[in-house]
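>
Protein chains: 2
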Amino acid sequence: MEQVGSSGLVVDTIGAISRHIREKDLMPGDRLPSEAILSKELNVSRTVVREAFRSLAAMRIIELATGKRATVAQIDHGAMSLMIEHGVHTDQINIQQIYDVRRTIETRIVALAAIRRSDAEAAEILSLAAQMLECADNPAALLEHDLAFHTTLARASRNPVYSLLIGAFQGIIRQTWPIGWKSRPTQASRDLMLATHQDIARAVAAGDPQQAVDAMAQHFDESVRALLAAGMS
Amino acid sequence: MEQVGSSGLVVDTIGAISRHIREKDLMPGDRLPSEAILSKELNVSRTVVREAFRSLAAMRIIELATGKRATVAQIDHGAMSLMIEHGVHTDQINIQQIYDVRRTIETRIVALAAIRRSDAEAAEILSLAAQMLECADNPAALLEHDLAFHTTLARASRNPVYSLLIGAFQGIIRQTWPIGWKSRPTQASRDLMLATHQDIARAVAAGDPQQAVDAMAQHFDESVRALLAAGMS
DNA sequence: CAAGCCAAACCTGTCTGACAGGTTGAGGGG
DNA sequence: CCCCTCAACCTGTCAGACAGGTTTGGCTTG
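If you're matching them up, the sequences are chains A and B in order. In the working numbering, each residue carries its 1-based index in the first sequence increased by 6. In the working numbering, each residue carries its 1-based index in the second sequence increased by 6.
So this is what it looks like as structure tokens:
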């Protein structure tokens with residue numbers, strides 16, 4: 007390979023593989039050529055092709071598995087999640103900034119979900135909110151149900167980009183949620199949060215966007231207040 | 007290395023390096039151990055370390071350069087941009103869905119920008135809107151100024167996550183913007199778009215969030231209408 | 001003593017060849 | 001017609017090698 011660009015053979019190869027996917031109009035699940043074939047076609051060593059594959063796999067553009075050929079991947083929030091976590095761990099992003107973004111997009115999500123949710127999704131959302139009540143004294147379970155609640159709402163919005171973004175925040179939420187929970191010391195404050203989730207669920211199930219938006223806004227107002235009280239400024 | 011996980015040595019090594027960054031509290035710019043040292047410490051071959059490095063570099067968590075040691079990277083939208091493009095090219099995401107998300111976050115961005123923009127940013131935003139008028143008949147230049155306009159607004163919001171997201175959409179916007187522009191056949195419709203940008207700029211410069219939000223909402227209403235007229239449903 | 005230069009040590013990029021183990025598909029047996 | 005098996009194929013990992021680019025510490029020079 008002639009090293010068309012100036013950034014090295016691996017970068018060029020990543021470009022060549024991406025182009026291959028576009029030009030051949032490959033869809034998720036479709037198989038890519040084997041490493042050996044690609045290295046022959048592009049005139050690079052298998053080492054280079056493998057590093058290019060790893061790069062694309064890191065971005066979840068392709069999927070690798072032992073023995074099998076690489077396949078085109080479905081969009082997935084795993085990589086974004088790691089990027090966001092990295093940003094937070096290196097003090098480039100703080101939790102409040104994440105909450106502002108979440109508030110912004112989740113407010114829109116519930117509006118869409120209230121309009122577009124299927125009946126099955128409505129039931130699932132109501133069920134998750136109810137389950138949160140039942141495990142109110144089990145923080146780990148509560149966290150998981152909370153995440154599932156917001157993830158399901160995103161799915162009900164029928165816009166995969168919202169699902170992607172909510173998923174991207176999941177990793178860092180998992181790591182910081184306990185802070186917010188501990189900062190709700192009184193039973194009343196914890197009950198309020200659970201009640202708010204139920205308000206959101208009911209509004210979405212009832213197909214009332216305005217009420218859903220109001221409830222979600224209230225949810226985030228509480229959360230941010232709790233976070234600030236915990237000294238996360 | 008004992009292959010602690012079940013997904014292969016490379017995945018384990020990625021985890022080990024990420025952990026190293028967190029535990030040592032490395033900040034952007036800090037240098038990581040060399041490939042040779044890591045391969046010795048983790049008991050894996052240099053091949054494995056290199057593939058792990060490539061994966062982390064693909065997510066812009068670290069930065070590689072020939073001869074130099076790998077360094078911790080600053081957050082960057084490049085990887086997200088590729089992921090979004092992949093989603094669109096493989097029909098997992100469509101352009102309207104992107105516009106809905108953009109509308110949602112950019113409305114919030116201008117509200118924040120109106121409150122938090124520096125005087126220099128206000129001047130820059132006004133200038134970019136003015137420049138758009140000047141090259142109204144040069145689509146390529148217009149596109150670049152448009153992107154710069156929205157990017158600057160995101161920066162003025164003082165929330166790096168918004169900058170990240172706006173950056174993530176840049177790649178796909180660049181590829182689809184001409185469609186929207188061609189779908190504004192009349193001079194009046196094009197003038198309207200340029201005028202709307204100026205409205206946004208003026209509202210942000212004036213520090214008027216509500217007016218900025220209204221103008222941005224109008225901008226997206228127009229854009230989506232144009233897109234739909236172009237048959238992008 | 002300070003500023004600048006230089007070579008050796010260090011480091012990354014790429015290639016080759018090898019082998020273990022997982023996957024697949026064609027063809028044979030029931 | 002279905003299931004099984006096995007050979008061909010493919011990926012994961014390792015070791016060693018060599019061509020450049022980078023760093024650094026000591027040496028030279030002013």
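C-beta: ideal position from N, C-alpha, C; glycine also. The structure presented is a predicted model; accordingly, all values stated were derived computationally and were not measured.
#1: In whole angstroms, what is the alpha-carbon distance linking A:Leu170 and A:Asn144?
#2: What is the DSSP secondary structure of A:Val55, reduced to helix, strand or coil?
#3: Give me the Cα-Cα distance between A:Thr202 and B:Gln176, rounded to the nearest whole angstrom.
#4: Assign A:Thr158 to buried or exposed, taking buried as 16 or more other Cβ atoms, counted over all protein chains shown, within 10 Å of its Cβ.
#5: Identify whether A:Arg37 lies in helix, strand or coil by the three-state DSSP scheme.
#6: Mind pulling the chain A residues with CB within less than 8 Å of B:Met65?
#7: Determine whether the beta carbon atoms of A:Ala146 and A:Ile185 lie at a separation below 7 Å.
#8: Check this for me: beta carbons of B:Ile172 and B:His151, under 7 Å apart or not?
#9: Might you give, ordered along the chain, the residues of its own chain that have their beta carbon closer than 6 Å to the beta carbon of A:Ala5, omitting 5 neighbours on each side?
#10: Cβ of B:His95 less than 7 Å from any chain A Cβ?
#11: Could you please give the first and the last residue of the uninterrupted alpha helix (DSSP H) stretch that includes B:Ala85?
#12: Measure the Cβ-Cβ separation of A:Ala64 and B:Ser61 and say whether it is below 7 Å.
#13: Give the interface partners of B:Met33 over in chain A, defined as CB-CB distance under 8 Å, in chain order.
#14: Does B:Leu234 pass the burial test, meaning 16 or more other C-beta atoms within 10 Å, or should it be called exposed?
#15: Starting from the Cα of A:Ile131, find the closest Cα among A:Ala76, A:Arg208, A:Gln80 and give me that residue.
#16: Apart from the five residues just before and just after A:Leu88, which ones in its own chain have a Cβ nearer than 8 Å to its Cβ?
#17: Please state whether DSSP places A:Thr77 in a helix, a strand or coil.
#18: So with Cβ pairs under 7 Å, would you call B:Gln103 a contact of chain A?
#19: With a Cβ-Cβ cutoff of 7 Å, do A:Ala162 and A:Arg108 count as a contact?
#20: Checking the sheet assignment: what are the DSSP bridge partners for A:Ile68?
#21: So B:Pro215 contacts chain A; which residues on that side make the cut at Cβ distance below 9 Å?
#22: Cα-Cα, which of A:Val50, A:Asn100, A:Leu139 is closest to A:Val10?
#23: Might you give, ordered along the chain, the residues of its own chain that have their beta carbon closer than 8 Å to the beta carbon of A:Ile137, omitting 5 neighbours on each side?
#24: Given that B:Thr43 touches chain A, what residues does it touch there, using C-beta distances under 7 Å?
#25: Quick one: list the residues of chain B neighbouring A:Ser61, beta-carbon separation under 8 Å, in chain order.
#26: Can you confirm whether B:His26, when its beta carbon is compared against all beta carbons of chain A, has any partner nearer than 7 Å?
#27: Specify, as a first and last residue, the run of the alpha helix (DSSP H) that B:Val219 falls within.
#28: For B:Val54 and chain A, any beta-carbon pair shorter than 7 Å?
#29: Can you list, in chain order, the residues of its chain whose CB lies under 8 Å from that of B:Ser45, leaving out five sequence neighbours each side?
#30: Check this for me: beta carbons of A:Asn165 and B:Asp97, under 7 Å apart or not?
#31: Within the same chain, show all residues whose beta-carbon is closer than 7 Å to that of B:Ile27, passing over the 5 residues directly before and after it, in chain order.
#32: In the DSSP assignment, the alpha helix (DSSP H) including A:Thr110 goes from what residue to what residue?
#33: Which bits of chain A does B:Gln80 rub up against, with CB to CB less than 7 Å?
#34: Can you pull the chain B residues whose beta carbon is under 7 Å from the beta carbon of A:Thr182, in chain order?
#35: Let me check understanding here. Comparing Cα to Cα, which of A:Asp31, A:Glu47, A:Gln193 lies closest to A:Thr19?
#36: On the three-state DSSP scale, how would you describe A:Thr192?
Let's see:
#1: 27 Å
#2: helix
#3: 36 Å
#4: buried
#5: strand
#6: Ala64, Met65, Ala85, Leu88, Met89, His92
#7: no
#8: no
#9: A question about residue 5 of chain A goes unanswered here, because the residues of chain A that appear run from 7 up to 239.
#10: yes
#11: 84-95
#12: yes
#13: Thr96, Asp97
#14: exposed
#15: A:Arg208
#16: Gly177
#17: strand
#18: yes
#19: no
#20: A:Val78
#21: The contacting residues do not exist; B:Pro215 stays about 14 Å from chain A at best.
#22: A:Val50
#23: The question names Ile, but residue 137 of chain A in the sequence shown is Gln. Excluding sequence neighbours, A:Gln137 sits near His151.
#24: In the sequence on display, residue 43 of chain B carries Ile and not Thr. Result: empty, since nearest Cβ-Cβ is about 20 Å, beyond 7 Å.
#25: Arg60, Ser61, Ala63, Ala64
#26: no
#27: 215-235
#28: no
#29: Ser51, Arg52, Val54, Val55
#30: no
#31: Val78
#32: 101-122
#33: Gln98
#34: Per Cβ cutoff of 7 Å: no residues; A:Thr182 is ~14 Å from chain B at best.
#35: A:Glu47
#36: coil
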